[in-house]
Each structure stands twice: as structure tokens, then as C-alpha cells.
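Q: In this text, residue positions in the sequence shown follow the working numbering: the first is 17, and each later residue adds one.
Glycine included, every Cβ here is placed at the ideal spot set by N, Cα and C.
Remember, predicted model here, so these are calculated numbers, not experimental data.
Structure incoming, see below.
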Amino acid sequence: MGQAGQQRCVQKKFGKKGVKGVKSGKKLQKNAALKKNIVPGSVLILLAGRFRGRRVVFLKQLESGLLLVTGPYAINGVPLRRVNQRYCIATSAKVDLKGADYSSVDDAYFARAEDKKKGKSEGAFFSEESSKSQMPQEKKDKQKKMEEGIAKGLGADMKAYLKARFSLSANMYPHELKF
17 MGQAGQQRCV QKKFGKKGVK GVKSGKKLQK NAALKKNIVP GSVLILLAGR
67 FRGRRVVFLK QLESGLLLVT GPYAINGVPL RRVNQRYCIA TSAKVDLKGA
117 DYSSVDDAYF ARAEDKKKGK SEGAFFSEES SKSQMPQEKK DKQKKMEEGI
167 AKGLGADMKA YLKARFSLSA NMYPHELKF
């Protein structure tokens, strides 16, 4: 008797001809190469995340390959952040970092404090208000101190440039723009 519908052609092969060996060993993560037009002090435009469209100052590349950027916070409200360079456009504008020391900031600086999880009862679940984790005051003071030198060295036109958001309007094509 014939089959109704399309017949699947499957050929079974026996033996170890097609089996490949499993490679053992841990792959090392290679640090991403920095784009050629991103240098410390250059102004970047963020393309994604909470601060998309904001212009920020690039400080250094972290061990994880992410970029350390800042607004500065006093000028446009962007705090010290880690950003993937794929979500940045480098501009030709440069800012003088003059002695700003960001060597103490690394990936561990951005690690969240672990809260001890304890079993919650139903009453405790409803009575407890959802408390957002606030940035410790010492981190805020440290950030303000680090950004102080950059903010003082900026001219009025550069401050206005960093405050302005970037967006595309009609008949603006990103591939035709010169950053």
C-alpha cells in the first residue's frame, strides 16, 4: 500500500564516521578591540538604554570590554556608566580629561550589593513596600569628585552640546551624517 502525503526520506547510518570529538577546556573571552575613533575624552552618542540620544564623554575601556562613560552628571544627568561600544556613535568632538583619575573604577565597582534573601510570609510580603536600591552616598560623592575636573574644563558651547539630545528628524539619514 502506498503512503498518503509526502514521504520523508531518511537514511540511517550506523557507525562512528560522523561523530566528532568533544573539545574540552574553557574558552577565554577576548577583550573587544576598541573602535579606532573612540579615544579617551571623545564624545559619544548613546543609541540604546535609558539614556539613548544623550551625549556622553568616554573615559576608558574596562576589562570586560565595556566602555566607561559619564555625562558628566552635573551637566546632562548621565552618571558613571558601562556601555557596550556597539550602542555608541563616536563624534569628532573631544573633551580634555586633564588629570581625571578613573583608575579606581572597574567592573567590580558596578556590582550590586547582595541582599540576604529570607523566607517571606504572606503578611510580610504585603506589608513590605518595594524599596528601590539607592546608590550609596559615598559612591555619589566619589563620582562627583571624579567628574568635577571634567565639568570645570568645559566651555559654554561644549556644555550646551552635551546637554542637547541627539535625534533624527525628517530627511536626516544616519549614513549621510558626519559625526
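Using the three-state DSSP reduction, which class does Leu62 fall into: helix, strand or coil?
A: Looking at Leu62 - three-state DSSP - the assignment turns out to be strand.
Q: I need the DSSP call for Ala49, collapsed to helix, strand or coil.
A: The answer is coil: DSSP assigns Ala49 none of H, G, I, E or B.
Q: Out of curiosity, what's the CA-to-CA distance linking Val55 and Leu184?
A: For Val55 and Leu184, the distance between alpha carbons rounds to 25 Å.
Q: Does DSSP put Ala106 in a helix, in a strand, or in coil?
A: Strand, per DSSP.
Q: I think Phe74 touches Gly57, with their Cβ atoms under 8 Å apart; what is that distance to the nearest whole Å?
A: Contact flag correct, Cβ pair sits at about 7 Å.
Q: May I ask you to list the residues that DSSP assigns as paired with Phe74?
A: In the DSSP output, where bridge partners are listed per residue, Phe74 has Val85.
Q: Ordered along the chain, which non-local residues of its own chain (more than five positions away) have a Cβ less than 7 Å from that of Arg68?
A: Here the set comprises Leu62.
Q: Regarding His191 and the ligand PLP, is the C-beta to nearest heavy atom distance less than 6 Å?
A: Among the components modelled here there is no ligand, and therefore nothing to report on the ligand PLP.
Q: Going by alpha carbons, who is nearest to Arg66 out of Arg98, Ser80, Ala116?
A: Considering only alpha carbons, the answer is Arg98.
Q: Taking C-beta to C-beta, are Tyr89 and Ala64 nearer than 7 Å?
A: Not in contact: Tyr89 and Ala64 (Cβ atoms no closer than 7 Å).
Q: Tell me which residues share the same chain as Ser80 and place their Cβ nearer than 7 Å to its Cβ, disregarding the 5 neighbours each side in the sequence.
A: Counting only Cβ-Cβ distances below 7 Å, and skipping sequence neighbours, we find Asp123.
Q: If you check the beta carbons only, do Gly169 and Asp112 fall under 7 Å apart?
A: Contact: yes.
Q: Please go through the same chain and pick out, in chain order, the residues whose beta-carbon is closer than 6 Å to the beta-carbon of Leu50, but skip the five residues on each side of it.
A: The residues are Gln77.
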